[in-house]
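Residue numbers (this note's numbering): 43 to 241.
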């Protein structure tokens, strides 16, 4: 006798739900790392791995060996005297040994560390006012990299290509060869400034 004379479609639904729950519990048991929840809602062993990365002050020479094009750009700009670690932080030894181990990108507001208006800075130093009572003086809107390249701040990022769109491949006219330009010169047009040369 079927379970409490349950209709077959309901019985199949109950079996499906039971299979999903069992699969979830088995997967959770097998895939959860051993140290998960040791110190909170994360893998406890991650702390040991992160502290195992030895920070190294590599210097511009070491960075330039891997990123020569960035070093060339930096040498032309107003940030040429800065060290790479000044913005990117200490490079971990693992990044030097293995470039696929990416280093962190600087946070968005890092520019303010040096460029927020401060009376102790030299007068010629580029400074911005975060919250000026006069709205016209507010320069910063939270997105420095939209207008400035960090390695050469006087340069603006390249605009997206505004070229004309590619021809529509679905239209029948796009399969035709381009037509030859008409080399016949048009008849000259008289303008009011030209004298009348007719006899």
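Even glycine gets a Cβ: it sits at the ideal position worked out from N, Cα and C.
Quick one: grab the DSSP three-state call for residue 50. In the chain shown, residue 50 corresponds to position 8, counting from 1. In the structure shown, residue 50 sits in a helix (DSSP, three-state: H, G or I).
Residue nearest to residue 146 in terms of C-alpha spacing, selected from 129, 197 and 156: Translated into positions along the chain shown, residue 146 becomes position 104. The shortest Cα separation from residue 146 among 129, 197 and 156 belongs to 129.
Using three-state DSSP, classify residue 237 as helix, strand or coil. Along the chain shown, read from residue 1 onward, the residue named residue 237 stands at position 195. The predicted position of residue 237 is uncertain, since its pLDDT is 47 and thus under 50; no value can be drawn from it.
Quick check on residue 192: buried or exposed, where buried means 16 or more other Cβ atoms within 10 Å of its Cβ? Stepping through the chain shown from its first residue, residue 192 is reached at position 150. It is buried - the Cβ of residue 192 has at least 16 other Cβ atoms within 10 Å.
On a CA-only basis, which of 102, 70 and 94 is nearest residue 117? Give me that one, please. Here residue 117 refers to the residue found at position 75 when the chain shown is read from its first residue. Minimum Cα distance to residue 117 is reached at 102.
With the cut-off set at 8 Å, would you say residue 144 and residue 95 are in Cβ contact? Here the question's residue 144 lines up with position 102 in the chain shown. Here the question's residue 95 lines up with position 53 in the chain shown. Contact flag unset, no.
Which of helix, strand or coil DSSP assigns to residue 212: On the chain shown, residue 212 is found 170 positions in, with the first residue counted as 1. Its pLDDT being 42, under 50, residue 212 is placed unreliably by the model, and nothing is read from it.
Between which two residues does the alpha helix (DSSP H) holding residue 112 run? The residue you call residue 112 lines up with position 70 of the chain shown. Note, residue 112: alpha helix (DSSP H), 110-118.
Cβ neighbours of residue 157 in the same chain (closer than 7 Å, five flanking residues each side left out): By one-based count along the chain shown, residue 157 stands at place 115. So the qualifying residues of the chain are 168, 169 and 170.
Sequence-distant residues of its chain with Cβ nearer than 7 Å to residue 104 (five each side left out): Counted from its first residue, the chain shown places residue 104 at position 62. Excluding positions up to five away in sequence, the list reads 138.
Residues bridged to residue 68 (per DSSP): Against the chain shown, residue 68 aligns to sequence position 26. Its beta-bridge partners do not exist; DSSP assigns none.
Based on DSSP bridge pairs, tell me the residues matched to residue 98. Locating residue 98 in the chain shown gives position 56, counting from the first residue. Its beta-bridge partners are 133.
With DSSP as the reference, label residue 288 as helix, strand or coil. This structure does not reach residue 288, given that the chain is present from 43 up to 241, and the question cannot be answered.
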